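*Asks:* Residue numbers (mature numbering (1 follows the signal peptide of the UniProt record, and there is no 0)): -21 to -1, 1 to 99. Each residue gets a CB set at the ideal place from its N, CA and C atoms; glycine is no exception. Model, not experiment: these values are computed from the prediction. Before I ask anything, let me first share the structure, which is written out below as structure tokens.
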Ligand code: HEC
């Protein structure tokens, strides 16, 4: 049974690494349900890079679409297409874990001028 640790080490080394999401080489969009709708509707005016470098909630993406529709001549989508686009974006370019920086340590906070003894 001395062989067991060696065998399990060998097995561990053979385990495939978690697969990175496959991306479309031309746009960099994650290849998953709905990616073509995003390519077809979101890369005419600016590069797909503007899409892939952003991330946020479904509401963030919806607001962005409404802003582009209101001010940047983005066309209207039929409800099914809009749902596909929002599903895709909020799933693959959703809120990042830990995207918000940590709170500053107290001693790096500025003095609070409204606090009675503001020097402490
Ligand atoms: C009709 C043209 C047009 C289309 C189509 C278009 N956009 Fe935009 N979008 C713009 C313009 C113009 C800007 C502002 C670009 C700039 O600031 O350089 C912009 C900006 C953006 C930004 C950056 C916002 C920011 O905060 O800087 C993102 C992300 C974005 N678009 C995503 C999308 C997505 C997703 C789609 C498809 C649903 C899309 N765009 C389709 C015109 C368009």
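Using three-state DSSP, classify residue 62 as helix, strand or coil.
*Replies:* For the purposes of this step, residue 62 is taken as the residue at position 83 of the chain shown. Looking at residue 62 - three-state DSSP - the assignment turns out to be helix.
*Asks:* Round the Cβ separation of residue 60 and residue 16 to the nearest angstrom and send it over; I've been treating them as touching at under 8 Å.
*Replies:* Here the question's residue 60 lines up with position 81 in the chain shown. Here the question's residue 16 lines up with position 37 in the chain shown. Confirmed, Cβ separation roughly 6 Å.
*Asks:* Helix, strand or coil for residue 74? Go by DSSP, reduced to three states.
*Replies:* Here residue 74 refers to the residue found at position 95 of the chain shown. Coil, per DSSP.
*Asks:* In terms of alpha-carbon separation, which member of 41, 85, 9, 39 lies closest to residue 27?
*Replies:* Looking up residue 27 in the chain shown gives position 48. It is 9 whose Cα lies nearest to the Cα of residue 27.
*Asks:* Any heavy atom of ligand 1 within a distance shorter than 7 Å of the CB on residue 9?
*Replies:* For the purposes of this step, residue 9 is taken as residue 30 along the chain shown, with counting starting at 1. Not so, every heavy atom of ligand 1 lies at least 7 Å from the Cβ.
*Asks:* Select from -2, 83, 37, 25 the residue whose C-alpha is nearest the C-alpha of residue 67.
*Replies:* What you label residue 67 is simply residue 88 of the chain shown in a count that begins at 1. Measuring from the Cα of residue 67, the nearest candidate turns out to be 37.
*Asks:* Taking the C-alpha atoms as reference points, what is the distance between residue 74 and residue 34?
*Replies:* Reading the chain shown from its first residue, position 95 is the one you call residue 74. Reading the chain shown from its first residue, position 55 is the one you call residue 34. Near 6 Å, if we compare the C-alpha coordinates of residue 34 and residue 74.
*Asks:* Residue 72 and residue 31 - do their beta-carbons sit closer together than 8 Å?
*Replies:* Along the chain shown, read from residue 1 onward, the residue named residue 31 stands at position 52. Along the chain shown, read from residue 1 onward, the residue named residue 72 stands at position 93. Their beta carbons are under 8 Å apart, which means residue 31 touches residue 72 by this criterion.
*Asks:* Beta carbon of residue 88: closer than 7 Å to some heavy atom of ligand 1?
*Replies:* Within the chain shown, the letter at position 109 stands for residue 88. Result no, Cβ not under 7 Å from ligand 1.
*Asks:* Exposed or buried, which one is residue 46 when buried takes at least 16 other CB atoms within 10 Å?
*Replies:* One-based indexing of the chain shown puts residue 46 at position 67. The residue is exposed, with fewer than 16 neighbouring Cβ atoms inside 10 Å.
*Asks:* Less than 7 Å between the CB of residue 71 and some heavy atom of ligand 1, yes or no?
*Replies:* Counting from 1 along the chain shown, the entry for residue 71 is found at position 92. No, ligand 1 has no heavy atom inside 7 Å of this Cβ.
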